[in-house]
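Peer 1: Pasting in a structure now, in structure tokens, and then I'll have a few things to ask.
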Amino acid sequence: MMKQQFLILTVLIAPTLPLFTSDFASFIDKNFGIKIRKKLGRSDIGHDDRSSFGGKAFPSDRSKKTRWEQNKPVVFVHGVTLKAAAFRAHCHFFKLNGYTSADLYATTYGDGGTTSAMDTAVDCNFIKQMRDMFVAVYKYVGRKINVITWSMGSVISRKAILGGNCTETGERLGDPITYMVHTFLTVGGVNYGMQRCPRRMKACNSLNSMRCDSALMRYEGDRSFAIYGDRDTIVGRSCCGRVCGELKNANASFLKPHLNHICIFYKTLQLQYNLLNDG
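When you line the sequence shown up against mature numbering (1 follows the signal peptide of the UniProt record, and there is no 0), it's residues -18 to -1, 1 to 261, in that order.
Below is the structure:
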């Protein structure tokens, strides 16, 4: 219990992180262009980890593990109405376990909560932004990435990785980039949709939404896992005859008792870490 309370408290007291380091920002400028760097950096939202974070402090930076066993970089993908700063506790926890800023990355999609959750669809721009982020980190570090997603971040990331066309615009995303992903982990994700999702809400339309019968709704990487709680009233339990939080063809799914949508995210940090580092 004390450990769980500590993890929740860490969300409030964990130190903030900067925007992308100059090394990562310069890499994006050189290889993808200033426009992409601005899209991923999101300095319009803030000049700290509210908007984005990640990158080497110096070009020679390596992980704290041995030179024979570098950390696989982690890209975090937040839920609807949130920002990159939702992962402060994760970064603090991972850094206590041998990671550095060179291993931990996030960008903010959407408007950071200005628009309500139920008025936010799974926009093609969100998907393209996350796809650009995955590709940028993969090419920057030169090895496969791990992805941790929360809530709507799951469906956005899965579409970004699997590619194809955006459902509402028909825009071509490209071929799957599953070869870039080692482990895909969804926590409290809308993997089969949301149970209570009325069509009148933009977030529940029939084309690009979190409804289980939306047109938007494995293979996300070498390995994939789902963690979900039995008291998650946001995602719910039953979606078109499926368990909402389960992930199709996952290596394993973990039902955690007594955890709601927030607690499942912060009280399973050790499990999240283990799933990324045990394979």
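The beta carbon of each residue, even a glycine, is placed where N, CA and C say it ideally should be. Note that the coordinates shown come from a computational prediction; the quantities given were computed from them, not determined experimentally.
For H243, which residues from the same chain have a beta carbon less than 6 Å from its beta carbon, with the 5 sequence-adjacent residues on both sides left out?
Peer 2: One-based indexing of the sequence shown puts residue 243 at position 261. Hits under 6 Å: G170, D214, I216.
Peer 1: Could you name each continuous alpha helix (DSSP H) segment of 4 residues or more that falls completely within the segment 87 to 111, going from the start of the chain to the end?
Peer 2: Taking only runs of at least 4 residues, no alpha helix (DSSP H) segment lies wholly in the segment 87 to 111.
Peer 1: Check whether the Cβ atoms of M134 and V57 sit closer than 9 Å, and answer yes or no.
Peer 2: Indexing the sequence shown from 1 puts residue 134 at position 152. Indexing the sequence shown from 1 puts residue 57 at position 75. Result no, Cβ atoms of M134 and V57 do not sit closer than 9 Å.
Peer 1: Please state if the CB of L78 and the CB of I130 are separated by a distance shorter than 9 Å.
Peer 2: For this step, residue 130 is matched to residue 148 along the sequence shown. For this step, residue 78 is matched to residue 96 along the sequence shown. No. Outside cutoff.
Peer 1: Helix, strand or coil for T165, going by three-state DSSP, please let me know.
Peer 2: Start at 1 with the first residue of the sequence shown, and residue 165 comes out as number 183. Strand at T165.
Peer 1: Considering only the alpha carbon of each residue, which of V119, S42, T63, D85 lies closest to I10?
Peer 2: Mapped onto the sequence shown, residue 10 falls at position 28. The shortest Cα separation from I10 among V119, S42, T63, D85 belongs to V119.
Peer 1: Are the CB atoms of T165 and D212 within a distance shorter than 9 Å?
Peer 2: Along the sequence shown, one-based indexing puts residue 212 at 230. Along the sequence shown, one-based indexing puts residue 165 at 183. The answer is no: Cβ separation not under 9 Å.
Peer 1: Classify residue 326 as helix, strand or coil using the three-state DSSP reduction.
Peer 2: Past the boundaries of the shown model lies residue 326; the chain is included only from -18 to 261, so the question cannot be answered.
Peer 1: Would you mind listing the beta strand (DSSP E) stretches within the segment 129 to 159 that are 3+ residues and don't spill past its ends, in chain order?
Peer 2: If we require 3 residues or more, the beta strand (DSSP E) runs fully inside the segment 129 to 159 come out as 154 to 156.
Peer 1: Measuring straight from C-alpha to C-alpha, what distance separates Y81 and D157?
Peer 2: Within the sequence shown, numbered from 1, the residue matching residue 81 stands at position 99. Within the sequence shown, numbered from 1, the residue matching residue 157 stands at position 175. Looking at the two C-alpha atoms, the distance is approximately 31 Å.
Peer 1: Using three-state DSSP, classify Y255 as helix, strand or coil.
Peer 2: The residue labelled residue 255 in the question sits at position 273 within the sequence shown. Here Y255 sits in helix by DSSP.
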